[in-house]
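Asks:
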Amino acid sequence: MRSMHRTSTTQMEVTSIRLEKTLKDSLKSLSGSQGYQTLIRDILWNYVQQKSGEYRPNFTKTDIRATLEAIARKDESCVLSGKLISQGEPLFLALTIYGDFVPVSVDAWDNS
0 MRSMHRTSTT
10 QMEVTSIRLE
20 KTLKDSLKSL
30 SGSQGYQTLI
40 RDILWNYVQQ
50 KSGEYRPNFT
60 KTDIRATLEA
70 IARKDESCVL
80 SGKLISQGEP
90 LFLALTIYGD
100 FVPVSVDAWD
110 NS
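For the sequence shown, numbering that gives the first Met the number 0 puts the final residue at 111, and the numbers step up evenly by one.
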């Protein structure tokens, strides 16, 4: 997971949150060298961006593990080119190395 916000810890406010021991242990093992508090901040920032509509994924072809042909059921934005994919148009659903399915326009896959 890529950290999106680099703020000095002196500029942060201390917050207390109660976590189950197994959850905290799992977060520690998943966080690797970045530390579990940084991981939790990244998760929270991702959640805030997705819920606020500010989330704009930035992927490259090397982030894509596999693609599936699909039809857009609503307007989408291609994660490789930013191009609008209109409802009803063909697209690829791309599985990323992070485990997400993201929309990719057919021509962006060939040209990016």
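Where is the CB? At the ideal position from N, CA and C, for every residue including glycine. From a predicted model like this one, the values you see are computed outputs, not experimental measurements.
So is V101 buried or exposed if we call it buried at 16+ other beta carbons inside 10 Å?
Replies: Counted from its first residue, the sequence shown places residue 101 at position 102. V101 counts as buried, since no fewer than 16 other beta carbons sit within 10 angstroms of its beta carbon.
Asks: Can you look up V13 in the DSSP assignment and give me helix, strand or coil?
Replies: In the sequence shown, counting from the first residue as 1, residue 13 sits at position 14. V13 carries a coil assignment under DSSP once its states are collapsed to helix, strand and coil.
Asks: Based on Cα-Cα distance, which residue from K73, Y97, N57 lies nearest to G125?
Replies: Outside the shown range of the chain, which is 0 to 111, sits residue 125, and nothing can be said about it.
Asks: I need the straight-line Cα distance from L38 to S30, nearest angstrom please.
Replies: As a first step, residue 38 is located in the sequence shown; it is residue number 39 there, counting from the start. As a first step, residue 30 is located in the sequence shown; it is residue number 31 there, counting from the start. If I take the Cα positions, the gap works out to 6 Å.
Asks: Thinking I96 and D62 are a contact (beta carbons under 8 Å), I'd like their distance in whole angstroms, please.
Replies: Locating residue 96 in the sequence shown gives position 97, where the first residue counts as 1. Locating residue 62 in the sequence shown gives position 63, where the first residue counts as 1. About 5 Å separates the two Cβ atoms, so the contact holds.
Asks: Please state whether DSSP places L38 in a helix, a strand or coil.
Replies: Position 39 of the sequence shown holds residue 38. Reduced to three states, the DSSP call for L38 is helix.
Asks: Determine which residues share a DSSP beta bridge with E19 and list them.
Replies: Residue mapping note: residue 19 aligns to position 20 of the sequence shown, counting from 1. In the DSSP output, where bridge partners are listed per residue, E19 has none listed.
Asks: List the whole-angstrom C-beta distance separating T66 from A107, where the pair is believed to meet the contact cut-off of C-beta under 8 Å.
Replies: Position 67 of the sequence shown, counted from the first residue, corresponds to residue 66. Position 108 of the sequence shown, counted from the first residue, corresponds to residue 107. Going by Cβ atoms, the distance from T66 to A107 rounds to 11 Å, so no, they are not a contact pair.
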